[in-house]
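Presented below is the structure to which this report refers.
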Amino acid sequence: MSAHRHAAFAEEAAEVEVLYASLDKMKSVTKKIQGSMARLDETGRTVQDAIGPIYGNTQRLQAQNTNIDRILAAIERVKQPLDMRGKEERILRDKPERVGLAEYIASIDRTNQALRDLKMTNIRSNQNAISELSKLLAVGTGNLENVFRDLLRQDSQPIEPLKQIMQRLEFPRIAASKSAQLRTINSHISNNISQIAPSGELTPSAKIYSLERGLYLSSSLQNLATACISTARKVNPSATYKPGSCAIETYASGIQGMFIAEYDNICPIFGREEWGPVLSATCQESLRVFSSTLRDLDAHVRNHFVTDCYLAYEIMDVVSNTTFQIENRTGELKAAMNDALKPIRETAKASLSTLIIDIRTKISQVIQLPADCSALPITSDAMGRLQVMTTYLPPLSSIMRSLGDGGWQQPNAVTSSASVPTLKSFDVGADGKQLFAHYCSDTIDALLTSLELKAKTQLKTRAMQGVFIANNLAIIERAVRSSELQNLLAGAQPKIDSWKKKATQSYLDMWKESSGYLLDVQYTSKQPRPSSTGQAIDSAAILKSLSTKDKEAIKEKFRNFNISFDDAVHRQRLFKIEPEVRRQFVKDVQMFIEPLYARFWERYHEVDKGKGKHVKYDKSYLSSEIASLG
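Under UniProt numbering, the residue at position 89 of the sequence shown is numbered 89, and the numbers go up by one with no gaps.
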């Protein structure tokens with residue numbers, strides 16, 4: 001057992017000896033390798049020191065070669081614009097019609113690019129070339145502008161807008177093919193102009209367009225502007241203006257049609273940001289003439305305020321609608337149109353108080369009222385004004401809202417352009433129609449108040465005053481019923497009814513004397529007064545109970561009644577009374593006189609024993625006599 005273990009240890013010891021021998025060999029090899037690496041490193045340093053300067057020179061030479069190549073390329077690029085100048089100059093100094101528009105535009109593009117390249121080089125020696133190319137580009141752009149102008153002039157011969165309006169034709173527009181040419185030219189002019197001059201408000205092509213087409217618009221619309229002034233003047237200056245007499249609606253239609261057509265021409269030619277400015281510039285002269293025309297019409301209205309104020313309302317209505325249509329289609333020109341309308345709008349405002357003042361003034365100037373108590377012409381005139389006004393409710397509603405309720409009662413505030421607005425004038429939610437109804441009510445009230453004051457100073461009796469007021473009321477109510485005023489003035493009826501009641505009371509004053517004779521005293525000295533509860537009355541019995549003196553008093557009452565009644569009938573027949581007023585007066589007299597007379601007659605008609613000496617009328621005769629007044 002021990003011998004076996006000893007043998008194993010001996011074997012392991014032998015293996016360890018082998019390993020130690022191998023390790024010694026590895027150490028020896030390592031030392032040799034380290035020596036070789038040291039020698040190789042020394043050799044590498046020697047080679048690097050020898051080759052380094054040569055490599056550095058090579059790198060610098062390569063960089064220099066690259067820079068030289070770049071310089072040569074830059075020189076070639078600089079030479080290219082200078083080399084092409086002669087060729088492009090021959091093209092650009094020629095006429096685009098001979099060269100061809102496409103080739104001419106291509107030459108301009110090449111010149112423009114060359115100029116841009118020269119400016120990027122920032123070489124001082126190129127400044128002369130830049131100047132020459134800029135001049136050449138200006139020549140080319142100028143020739144393009146001439147082509148642009150010539151193309152526009154082909155379609156810019158003035159027209160007669162009345163033909164389009166009357167025949168309901170579309171206003172002329174530039175053909176699509178020509179618009180494409182104009183768009184191409186405009187885009188090149190716009191692009192190139194920045195190379196030779198700073199940009200202004202409008203490009204040269206936009207200025208050309210606004211000038212040529214602006215002249216076309218103003219020339220075409222001139223006849224309509226002239227017609228507006230001539231048609232506003234009436235043969236009889238004192239005649240009331242008839243709606244539609246002035247050619248303002250035709251003029252506005254021409255402006256609307258031509259401006260919208262021009263906008264449709266502008267859009268395909270110019271960029272979106274240019275549409276508004278170009279349209280405004282193009283329409284500028286036409287708008288100036290339009291504004292001048294409205295000022296002339298405004299002066300005409302102010303010189304004939306009472307008769308021609310309706311023209312101001314008509315202009316407001318027409319121009320406001322036209323402005324809306326143009327602004328709706330183009331989004332432009334609203335401010336310019338409103339500025340042109342402003343003077344006539346102020347005049348329209350002032351007219352409201354002026355018309356009321358005119359009514360008061362004319363009534364105060366009446367020297368003598370009609371002896372037959374007929375209505376004055378001013379009543380028909382005043383109501384006629386209100387009737388005509390109802391045809392202009394939209395503009396009048398706008399005016400009413402700006403003035404506020406009752407604002408028309410302040411003439412100084414209306415006519416002064418420097419007046420301070422009231423809170424009412426800012427009530428944009430107010431009902432314009434309702435405010436106009438208030439104006440109509442105030443007008444009628446001013447009319448009747450002035451008439452009543454005049455009647456009290458010139459008509460002798462209250463009855464005449466009542467008939468006079470009632471006649472004028474009939475004219476007023478007739479005008480209301482036969483027009484749009486009926487719906488507007490429904491709320492004013494109580495005020496009119498109060499005037500009618502007052503007129504009726506005044507009229508019945510002439511029947512009070514007659515009624516007074518029918519109010520008998522009660523004779524109860526001998527026997528009780530007979531019943532008046534509907535039972536038959538015995539006139540003979542009543543008279544039998546009266547003394548001779550009392551009977552004579554009854555006879556005197558009958559005689560006085562006859563005289564007074566006949567006189568009232570006679571005076572009634574002298575009045576000129578409107579039919580509806582006459583019928584109402586008859587009813588009023590019947591209700592007032594007939595019951596009193598019937599009672600008196602039933603009690604005392606036997607006073608003359610049927611001879612008719614004192615009792616002229618029986619109940620039916622009196623009733624028929626009163627009915628005949630109708």
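Quick reminder that beta carbons are idealized off the backbone N, C-alpha and C, glycines included.
Reduced DSSP category for residue i - H, G, I as helix; E, B as strand; rest coil
{"i": "S156", "result": "coil"}
{"i": "residue 661", "result": "Because the chain is modelled from 1 through 630, residue 661 falls outside the range shown and cannot be assessed."}
{"i": "I542", "result": "helix"}
{"i": "I626", "result": "helix"}
{"i": "R173", "result": "coil"}
{"i": "H304", "result": "coil"}
{"i": "C228", "result": "helix"}
{"i": "A38", "result": "helix"}
{"i": "F324", "result": "helix"}
{"i": "K424", "result": "With a pLDDT of only 44 at K424, under the threshold of 50, the placement of this residue in the model should not be trusted, and no figure is reported."}
{"i": "N67", "result": "helix"}
{"i": "P370", "result": "coil"}
{"i": "residue 638", "result": "Summary: the structure shown does not reach residue 638, with the chain confined to residues 1 through 630, and so no result is reported for it."}
{"i": "S525", "result": "Bear in mind that the predicted position of S525 carries a pLDDT of just 47, short of 50, making it unreliable; the figure below should be weighed with that in mind. S525 falls in the coil class under three-state DSSP."}
{"i": "I537", "result": "coil"}
{"i": "R272", "result": "helix"}
{"i": "Y310", "result": "helix"}
{"i": "V235", "result": "coil"}
Contact check, residue i vs residue j, beta carbons under 9 Å
{"i": "Y209", "j": "I269", "result": "yes"}
{"i": "L485", "j": "M383", "result": "yes"}
{"i": "I577", "j": "I626", "result": "no"}
{"i": "E602", "j": "S564", "result": "no"}
{"i": "I174", "j": "I255", "result": "no"}
{"i": "A348", "j": "L396", "result": "yes"}
{"i": "S218", "j": "S286", "result": "yes"}
{"i": "F558", "j": "Y604", "result": "yes"}
{"i": "I363", "j": "S450", "result": "yes"}
{"i": "L518", "j": "F600", "result": "yes"}
{"i": "S623", "j": "Q590", "result": "yes"}
{"i": "Q387", "j": "S245", "result": "no"}
Cα-Cα separation between residue i and residue j, rounded to whole angstroms
{"i": "R39", "j": "S22", "result": "26 Å"}
{"i": "E42", "j": "K31", "result": "17 Å"}
{"i": "S498", "j": "Q465", "result": "15 Å"}
{"i": "G35", "j": "K27", "result": "12 Å"}
{"i": "R295", "j": "Q410", "result": "24 Å"}
{"i": "H304", "j": "T231", "result": "14 Å"}
{"i": "L459", "j": "P343", "result": "44 Å"}
{"i": "F9", "j": "K25", "result": "25 Å"}
{"i": "I260", "j": "R153", "result": "19 Å"}
{"i": "V319", "j": "W511", "result": "58 Å"}
{"i": "K178", "j": "L151", "result": "8 Å"}
{"i": "K549", "j": "G630", "result": "39 Å"}
{"i": "R302", "j": "S292", "result": "15 Å"}
{"i": "A463", "j": "V366", "result": "20 Å"}
{"i": "T250", "j": "F468", "result": "45 Å"}
{"i": "F324", "j": "C309", "result": "23 Å"}
{"i": "E452", "j": "H614", "result": "40 Å"}
{"i": "E556", "j": "S628", "result": "26 Å"}
{"i": "S190", "j": "G331", "result": "24 Å"}
{"i": "S374", "j": "N328", "result": "53 Å"}
{"i": "A14", "j": "A7", "result": "11 Å"}
{"i": "A252", "j": "K242", "result": "18 Å"}
{"i": "L369", "j": "T379", "result": "13 Å"}
{"i": "L333", "j": "R183", "result": "23 Å"}
{"i": "S539", "j": "P494", "result": "45 Å"}
{"i": "S398", "j": "A335", "result": "17 Å"}
{"i": "E17", "j": "M37", "result": "31 Å"}
{"i": "T533", "j": "D405", "result": "With a pLDDT of 46 at T533, under the threshold of 50, the predicted position of this residue should be treated as unreliable, and no value is reported."}
{"i": "G214", "j": "Q284", "result": "7 Å"}
{"i": "I165", "j": "R288", "result": "22 Å"}
{"i": "K616", "j": "T354", "result": "56 Å"}
Cβ-heavy atom distance, residue i to the ligand GTP, below 8 Å
{"i": "A348", "result": "As presented, the structure is devoid of all ligands, the ligand GTP included, so that no description of it is given."}
Inter-stretch contact at 8 Å, needing at least 3 Cβ pairs: the stretch 566-582 / the stretch 473-493 = yes
Item to complete: Indicate whether the contact test is met: 3 or more Cβ pairs, each with one atom in the stretch 475-493 and one in the stretch 434-443, closer than 8 Å.
Response: Using a C-beta cut-off of 8 Å, the stretch 475-493 makes contact with the stretch 434-443, since at least three inter-stretch Cβ pairs fall below that distance.
If we require 4 or more residues per run, which alpha helix (DSSP H) segments fall completely within the stretch 453-520?
462-481, 485-488, 493-507, 512-516
Check your understanding: Three or more C-beta pairs closer than 8 Å, one from the stretch 543-560 and one from the stretch 503-512: is that the case here?
Key -> no
Given 8 Å as the limit, is there contact between the stretch 444-453 and the stretch 359-378, that is, 3 or more CB pairs closer than that? yes
*Uninterrupted alpha helix (DSSP H) stretches inside the stretch 567-621 (no shorter than 4 residues)*: 579-604
> Can we say the stretch 310-323 touches the stretch 388-408, given the rule of at least three CB pairs closer than 8 Å?
Replying inline: Touching, yes.
>> Quick test of the definition: if touching needs 3 or more C-beta pairs under 8 Å, does the stretch 219-236 touch the stretch 259-275?
In response: no
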